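Q: Here it is, the structure in full.
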Amino acid sequence: MPMRRFTNALASPQAVVLAAAILFALVIAAFNPGFLSLATLVDLLRNSLVTGIFALGVLIVLASGGIDVSFTAIGAFAMYATMSLVMGLDVPMPILGFFVLSALIGALLGLVNGVLIGGLGLPTLIVTLGTLSLFRGALLTFVGTTYITNVPRNVISFARTMILRLENAVGQLVSLPLSFVVLVLVTLFVAFLMNLTRFGRSIYAIGGSEEGARRIGIDVARVKVWIYVIAGTIAGLAGMTHMTLSRMANPFDLVGTELNVIAAVVLGGARITGGHGTVTGTLLGALVITLINTSLLSAGVPSYWQKVVVGILIVLGTGLPILIDRFAKHRERLARAAV
Amino acid sequence: MAEPVLSMSGIRKAYGSVRVLEEVGLRLEPGEVRCLAGENGSGKSTLIKILSGVVPADEGTVSIGGRTIAGDARAAIAAGLSVIYQDFSLFPNLTVAENIALLKSTAARERWHRARADRRLAEETLARMGVDIDPATLVELLPVASKQLVAIARALANDARVIVMDEPTTALTRSEVARLAGIVSALKAQGVAFLFVSHKTEEVFAFCDTITVLRDGRVVADGTAAEFDGARLGREMTGRAVETQRIERAPAPQAPPFLVARGLSRRGDYAGIDLDLRPGEVVSLVGLLGSGRTELALSLFGMVSPDEGRIEVDGRPVHFPSAIDAMAAGIAYVPEDRLTEGLFLDQPIADNINVATLSSGFLSRAALKRRAVEAVKRLRIKTPGVEPNVATLSGGNQQRVVLARWMERSPRLMILNGPTVGVDIGSKREIHEILLALSRAGTAVLVVTDDIGEALALSDRILVMVKGRVTGAFDAAEIEEDRLYAEVTKEARA
Ligand SMILES: Nc1ncnc2c1ncn2[C@@H]1O[C@H](COP(=O)(O)OP(=O)(O)OP(=O)(O)O)[C@@H](O)[C@H]1O
Ligand SMILES: [Mg+2]
Chain A
1 MPMRRFTNAL ASPQAVVLAA AILFALVIAA FNPGFLSLAT LVDLLRNSLV TGIFALGVLI
61 VLASGGIDVS FTAIGAFAMY ATMSLVMGLD VPMPILGFFV LSALIGALLG LVNGVLIGGL
121 GLPTLIVTLG TLSLFRGALL TFVGTTYITN VPRNVISFAR TMILRLENAV GQLVSLPLSF
181 VVLVLVTLFV AFLMNLTRFG RSIYAIGGSE EGARRIGIDV ARVKVWIYVI AGTIAGLAGM
241 THMTLSRMAN PFDLVGTELN VIAAVVLGGA RITGGHGTVT GTLLGALVIT LINTSLLSAG
301 VPSYWQKVVV GILIVLGTGL PILIDRFAKH RERLARAAV
Chain R
1 MAEPVLSMSG IRKAYGSVRV LEEVGLRLEP GEVRCLAGEN GSGKSTLIKI LSGVVPADEG
61 TVSIGGRTIA GDARAAIAAG LSVIYQDFSL FPNLTVAENI ALLKSTAARE RWHRARADRR
121 LAEETLARMG VDIDPATLVE LLPVASKQLV AIARALANDA RVIVMDEPTT ALTRSEVARL
181 AGIVSALKAQ GVAFLFVSHK TEEVFAFCDT ITVLRDGRVV ADGTAAEFDG ARLGREMTGR
241 AVETQRIERA PAPQAPPFLV ARGLSRRGDY AGIDLDLRPG EVVSLVGLLG SGRTELALSL
301 FGMVSPDEGR IEVDGRPVHF PSAIDAMAAG IAYVPEDRLT EGLFLDQPIA DNINVATLSS
361 GFLSRAALKR RAVEAVKRLR IKTPGVEPNV ATLSGGNQQR VVLARWMERS PRLMILNGPT
421 VGVDIGSKRE IHEILLALSR AGTAVLVVTD DIGEALALSD RILVMVKGRV TGAFDAAEIE
481 EDRLYAEVTK EARA
């Protein structure tokens with residue numbers, strides 16, 4: 001059934017998004033011939049690091065049929081609290097320690113979400129809207145509001161270590177920092193979790209039918225608690241990655257980028273209604289969102305226009321596949337009725 | 001008496017002020033097939049959810065294989081229970097293979113997801129059932145009959161000691177039901193016990209050794225199948241004698257036809273069909289699955305276009321490019337898989353009944369509610385009011401909501417595909433009476449069914465469809481059941 005395969009391919013949000021991104025890149029390239037180069041790609045990867053890591057955490061939540069808007073607050077809290085703690089104690093800490101500590105704080109904050117959602121059965125949007133505000137407020141009230149710019153030497157040298165350095169068409173240096181490894185590790189972990197463990201499959205099952213999951217004996221409450229703990233951990237890692245890239249800890253950073261990240265995940269094929277979403281799609285979504293934001297920025301387009309473009313892409317990327325899918329199913333039903 | 005593999009005693013359950021189960025007890029021995037019979041809303045599915053640990057009982061105990069189960073679904077599964085739920089309870093976003101395997105791997109607390117092993121288990125189980133479904137397909141893409149087969153496969157794959165089947169055959173063909181019966185008797189010989197719910201009387205007697213009858217949440221009869229016959233079963237379920245004879249009626253008026261079809265053909269589906277559907281007459285289109293009956297009905301409703309032939313309404317030629325055009329001409333179609341299509345489960349009963357008529361003008365909320373209340377009364381939908389969500393109704397009562405919805409449109413031609421699937425025998429009779437009354441009030445009624453008893457009891461005229469052709473037209477008052485059965489299955493046996 002080549003027709004079916006064709007509509008299937010079109011019906012995958014990834015395809016729509018990829019097509020839009022390629023079109024977009026070609027348009028930019030028409031104005032700026034140096035655009036199509038390896039350097040651009042490396043730059044894109046660097047710019048999408050934080051969005052990509054956050055997005056993988058959000059993917060897990062969306063796959064289970066939930067939604068999380070508190071992850072940026074978790075990331076900011078975990079990152080900033082780690083920095084003030086380490087700086088305050090003034091003990092030497094290996095670079096790995098920063099990431100581990102930030103991840104642990106993220107896990108703890110995620111546990112708060114998890115207990116409220118899984119344990120008490122409260123709606124995910126309400127809970128995470130609440131904790132978004134709570135974690136951010138607690139950070140600014142109890143932890144601090146000042147920029148930490150005098151970050152330790154080993155953090156700076158980690159930030160300066162590059163995996164790859166290239167010169168782009170106009171002679172600027174672009175590079176891929178070592179923190180790219182964090183994205184790779186998180187990607188491997190999430191891919192492993194979601195595809196190779198029964199736990200990951202029960203996340204999809206819950207997203208498909210929560211009542212059905214309960215009926216086959218999945219401990220839905222427990223799985224949900226873990227989902228938010230893992231999402232919190234990943235947010236902690238994303239926060240710390242962001243800090244190393246900017247080489248300072250700013251407590252006002254990150255919060256406000258939630259929708260961008262959620263958009264990336266949804267463009268990558270996850271559905272707000274749950275049960276769907278892949279790691280590859282999510283990474284692709286993060287790249288596309290970053291591509292649009294950065295290239296519009298460098299082309300001097302005002303930032304509210306970026307929002308318009310991102311909005312259009314979301315509507316296209318999520319609406320078109322649904323329409324095509326509905327059409328294909330309708331045809332199939334008729335075809336079947338005719339067997 | 002052998003040691004029971006399943007025993008329940010003193011089960012009570014109420015939802016708010018609605019008492020669903022009172023002091024219910026039940027036991028199953030290894031190798032026993034017990035039928036749980038009862039009207040729609042008598043508490044069968046609720047009892048099943050309690051024994052599977054999905055819904056907690058207010059009082060009473062459940063034990064499976066000697067282990068006490070208290071509201072813990074995983075413990076019930078681990079103790080050897082498998083359930084085929086009335087609503088299938090599958091995961092639409094996962095593949096057939098995963099749907100079949102996830103129950104077993106969850107019960108075994110497996111740590112890894114092994115796609116290849118899942119696939120093998122699914123292939124084996126489907127092959128054992130003689131079913132051809134690709135394990136890699138997403139369940140949401142399957143037609144309703146295949147979904148039901150997947151739900152059965154999932155229960156069988158789990159090597160259970162007790163298998164509970166809540167109306168497992170509503171969407172299946174005769175041959176699939178026969179194959180299921182074969183599997184049940186093979187497993188029974190290995191000591192697996194079954195609890196079986198069905199509203200099809202022949203199936204009850206074909207499958208079961210023993211019968212428990214529930215009425216209004218109480219056990220009113222319990223015995224071996226030999227102690228029952230169809231009449232007693234109906235009496236115990238409803239508390240009164242259930243008529244299964246043809247409904248008495250005045251002959252249908254010979255009005256000019258509302259819809260006429262001549263030489264209707266569609267390659268591969270049906271050929272050379274002539275039809276006259278008159279106001280005041282009930283016509284049954286009887287045929288096996290694959291006879292083209294559904295396609296023909298869909299063609300009259302604009303959902304499938306014929307290649308050849310013409311359709312006239314009120315003597316004027318018409319062409320329905322879509323269902324909307326057919327509805328505008330006064331035709332209503334109640335689909336066969338209405339359990340999964342067409343109901344808004346988490347919306348109130350009233351809204352579900354009124355949804356099809358909302359576009360036909362402005363009505364006050366009070367008027368809409370009054371209409372819904374009327375419809376609930378007319379179709380005897382068992383509910384405390386019209387406000388609760390449809391999800392809180394029993395399966396058979398959900399079906400009645402769909403019927404009510406379409407009847408509220410007061411169509412001129414009502415086409416019903418399997419109108420009483422999943423409806424208990426007492427209510428079946430009532431729905432037949434309602435349809436007959438609807439027709440005598442001037443609606444043309446076309447019933448598409450493979451239930452021969454239904455066709456005989458309900459219709460004025462019966463058309464038999466075999467392999468895409470109408471091979472016989474009979475006066476329903478004249479033809480004998482055996483003869484009709486022979487006509488319908490002619491080609492299948494040849
Ligand atoms: N979640 C719920 N909330 C409120 N009432 C409910 C709920 N579930 C079931 N009921 C009520 O309990 C009664 C028994 O329902 P149940 O589904 O057990 O019937 P059943 O015997 O399986 O009927 P059927 O043959 O139609 O499937 C019904 O009156 C139904 O409305
Ligand atoms: Mg039921």
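Chains as they are written, first to last, in the UniProt record's numbering: chain A, 1 to 339; chain R, 1 to 494. Don't be surprised by glycine CBs; every beta carbon is placed ideally from N, CA and C. The structure presented is a predicted model; accordingly, all values stated were derived computationally and were not measured.
Go through the residues and name those whose CB comes closer than 6 angstroms to any heavy atom of ligand 2, in chain order.
A: Per the Cβ criterion, the list is Lys-44(R), Ser-45(R), Gln-86(R), Asp-166(R), Ser-394(R), Gly-395(R).
Q: Among the candidates Gly-66(A), Gly-319(A), Leu-96(A), whose CA atom is the shortest distance from the CA of Gly-118(A)?
A: Here the question's residue 118(A) lines up with position 118 in the first sequence. Cα-wise, what sits closest to Gly-118(A) is Gly-66(A).
Q: If you follow the alpha helix (DSSP H) that Arg-114(R) is in, where does it begin and where does it stop?
A: Here the question's residue 114(R) lines up with position 114 in the second sequence. Per DSSP, Arg-114(R) belongs to no alpha helix (DSSP H) and is neither H nor E.
Q: Between the C-alpha atoms of Thr-278(A) and Thr-137(R), what's the straight-line distance to the nearest angstrom?
A: Working through the first sequence from its first residue, we reach residue 278(A) at position 278. Working through the second sequence from its first residue, we reach residue 137(R) at position 137. The straight-line gap from Cα to Cα measures roughly 17 angstroms.
Q: Nearer than 7 angstroms: is that true of the beta carbon of Lys-382(R) relative to any heavy atom of ligand 1?
A: Translated into the one-based positions of the second sequence, residue 382(R) becomes position 382. Flag set: Cβ of Lys-382(R) near ligand 1.
Q: Select from the region 105-134 of chain R all residues with a C-beta closer than 7 angstroms to any C-beta belonging to chain A, and list them in chain order.
A: Cβ contacts with chain A: Ser-105, Thr-106, Ala-107, Glu-110, Arg-111, Trp-112, His-113.
Q: DSSP on Asn-417(R), reduced to helix/strand/coil?
A: On the second sequence, residue 417(R) is found 417 positions in, with the first residue counted as 1. Reduced to three states, the DSSP call for Asn-417(R) is strand.
Q: Give every residue of the same chain whose Cβ lies closer than 7 angstroms to the Cβ of Leu-176(A), excluding the five residues on either side of it in the sequence, and list them in chain order.
A: Taking the first sequence and counting its residues from 1, the one referred to as residue 176(A) is at position 176. Excluding positions up to five away in sequence, the list reads Val-42, Leu-45, Arg-46, Met-162, Ile-163, Leu-164.
Q: Go through its chain and collect everything with a Cβ distance to Gly-65(R)'s Cβ below 7 angstroms, but skip five positions before and after it.
A: Your numbering for residue 65(R) matches position 65 in the second sequence. Val-5, Ala-79, Gly-80, Arg-161, listed in sequence order.
Q: Under the three-state reduction of DSSP, which class applies to Glu-487(R): helix, strand or coil?
A: Residue mapping note: residue 487(R) aligns to position 487 of the second sequence, counting from 1. Residue state, collapsed to three classes: helix.
Q: Hey, is Ala-270(A)'s beta-carbon within less than 8 angstroms of any beta-carbon in chain R?
A: Mapped onto the first sequence, residue 270(A) falls at position 270. So, not an interface residue.
Q: Using 8 angstroms for Cβ pairs, my map puts Leu-156(R) next to Thr-106(R). What's the rounded Cβ distance?
A: Residue numbering aside, residue 156(R) sits at position 156 when the second sequence is read from its first letter. Residue numbering aside, residue 106(R) sits at position 106 when the second sequence is read from its first letter. Going by Cβ atoms, the distance from Leu-156(R) to Thr-106(R) rounds to 16 angstroms, so no, they are not a contact pair.
Q: At least one CB of chain A closer than 8 angstroms to the CB of Leu-277(R): is that the case?
A: Position 277 of the second sequence, counted from the first residue, corresponds to residue 277(R). So, not an interface residue.
Q: Evaluate the contact criterion for the region 178-190 of chain R versus the region 436-449 of chain R: three or more CB pairs, one atom per stretch, below 8 angstroms.
A: No, the region 178-190 of chain R does not touch the region 436-449 of chain R.
Q: Per DSSP, Asn-352(R) is paired with what?
A: Mapped onto the second sequence, residue 352(R) falls at position 352. Beta-bridge pairing links Asn-352(R) to no other residue.
Q: For Glu-258(A), name the three-state secondary structure that DSSP assigns.
A: The residue you call residue 258(A) lines up with position 258 of the first sequence. Glu-258(A): helix per DSSP, three-state reduction.
Q: Confirm the yes/no value for this check: CB of Tyr-15(R), any heavy atom of ligand 1, distance under 7 angstroms.
A: Indexing the second sequence from 1 puts residue 15(R) at position 15. Tyr-15(R): yes, Cβ under 7 angstroms from ligand 1.
Q: Less than 8 angstroms between the C-beta atoms of Gly-10(R) and Gly-217(R), yes or no?
A: For the purposes of this step, residue 10(R) is taken as residue 10 along the second sequence, with counting starting at 1. For the purposes of this step, residue 217(R) is taken as residue 217 along the second sequence, with counting starting at 1. Their beta carbons are not under 8 angstroms apart, which means Gly-10(R) does not touch Gly-217(R) by this criterion.
Q: Would you say the beta carbon of Asn-352(R) is closer than 7 angstroms to some non-hydrogen atom of ligand 1?
A: Looking up residue 352(R) in the second sequence gives position 352. Result no, Cβ not under 7 angstroms from ligand 1.
Q: Mind the definition here: the region 455-472 of chain R touches the region 233-251 of chain R only if three or more C-beta pairs lie below 8 angstroms; say whether that holds.
A: Touching, yes, given that three or more Cβ pairs across the two stretches are closer than 8 angstroms.
Q: Report the rounded CA-to-CA distance for Tyr-228(A) versus Phe-189(A), giving the unit in angstroms.
A: Residue numbering aside, residue 228(A) sits at position 228 when the first sequence is read from its first letter. Residue numbering aside, residue 189(A) sits at position 189 when the first sequence is read from its first letter. Answer to the nearest angstrom: the Cα atoms are 15 angstroms apart.
Q: With 16 as the cutoff for other CB atoms within 10 Å, does Arg-405(R) come out buried or exposed?
A: Working through the second sequence from its first residue, we reach residue 405(R) at position 405. Buried.
Q: Quick one: list the residues of chain A neighbouring Val-54(R), beta-carbon separation under 9 angstroms, in chain order.
A: Locating residue 54(R) in the second sequence gives position 54, counting from the first residue. Ordered by position in chain A, the residues that pass the 9 angstroms Cβ test against Val-54(R) are Glu-211, Arg-214, Arg-215.
Q: How many Å lie between Pro-56(R) and Arg-114(R) at the Cα?
A: Here residue 56(R) is taken as the residue at index 56 of the second sequence, counted from 1. Here residue 114(R) is taken as the residue at index 114 of the second sequence, counted from 1. The straight-line gap from Cα to Cα measures roughly 33 angstroms.
Q: Tell me which residues share the same chain as Arg-493(R) and place their Cβ nearer than 7 angstroms to its Cβ, disregarding the 5 neighbours each side in the sequence.
A: Against the second sequence, residue 493(R) aligns to sequence position 493. With a pLDDT of 48 at Arg-493(R), under the threshold of 50, the predicted position of this residue should be treated as unreliable, and no value is reported.
Q: Cβ of Ser-42(R) within 7 angstroms of any heavy atom in ligand 1?
A: As a position in the second sequence, residue 42(R) is number 42, starting the count at 1. At least one heavy atom of ligand 1 is nearer than 7 angstroms to the Cβ of Ser-42(R), so yes.
Q: Shorter than 8 angstroms from the beta carbon of Leu-47(R) to some beta carbon of chain A?
A: Stepping through the second sequence from its first residue, residue 47(R) is reached at position 47. It does not: the Cβ of Leu-47(R) has no partner Cβ on chain A nearer than 8 angstroms.
Q: Measuring only from the beta carbon, is Asp-424(R) closer than 7 angstroms to any heavy atom that is part of ligand 1?
A: Within the second sequence, the letter at position 424 stands for residue 424(R). Indeed, a heavy atom of ligand 1 lies less than 7 angstroms from the Cβ.
Q: Examine the Cβ distances between the region 29-42 of chain R and the region 198-207 of chain R and report whether three or more of them are shorter than 8 angstroms.
A: The region 29-42 of chain R vs the region 198-207 of chain R: in contact.
Q: Using the three-state DSSP reduction, which class does Leu-129(A) fall into: helix, strand or coil?
A: Reading the first sequence from its first residue, position 129 is the one you call residue 129(A). If DSSP states are grouped into helix, strand and coil, Leu-129(A) belongs with the helices.
Q: Could you give the residue range of the beta strand (DSSP E) that holds Tyr-15(R)?
A: Counting from one through the second sequence, the residue named residue 15(R) turns up at place 15. Start and end: 6-15.
Q: Under 8 angstroms by Cβ, that's how I've got Gly-239(A) and Met-79(A) pegged, so tell me the actual separation to the nearest angstrom.
A: As a first step, residue 239(A) must be located in the first sequence, where it is residue number 239. As a first step, residue 79(A) must be located in the first sequence, where it is residue number 79. Their Cβ separation, rounded to whole angstroms, is 3 angstroms, which keeps Gly-239(A) and Met-79(A) in contact under 8 angstroms.
Q: Of all the CB atoms in chain R, is at least one closer than 8 angstroms to the CB of Ser-84(A)?
A: The residue labelled residue 84(A) in the question sits at position 84 within the first sequence. Not closer than 8 angstroms to any Cβ of chain R, the Cβ of Ser-84(A) fails to qualify, so no.
Q: Would you kindly report the start and end of the unbroken alpha helix (DSSP H) that includes Met-129(R)?
A: Along the second sequence, one-based indexing puts residue 129(R) at 129. Counting along the chain, Met-129(R) falls outside any alpha helix (DSSP H), and DSSP gives it neither H nor E.
Q: Between which two residues does the beta strand (DSSP E) containing Ala-444(R) stretch?
A: Walking along the second sequence from the start, residue 444(R) turns up at place 444. Element bounds for Ala-444(R): 444-449.
Q: Can you give me the C-alpha to C-alpha distance between Gly-88(R) and Ala-151(R), rounded to a whole angstrom?
A: Position 88 of the second sequence, counted from the first residue, corresponds to residue 88(R). Position 151 of the second sequence, counted from the first residue, corresponds to residue 151(R). Here residue 88(R) is Phe; the residue named in the question, Gly, does not match the sequence. Taking the straight line from one Cα to the other gives about 6 angstroms.
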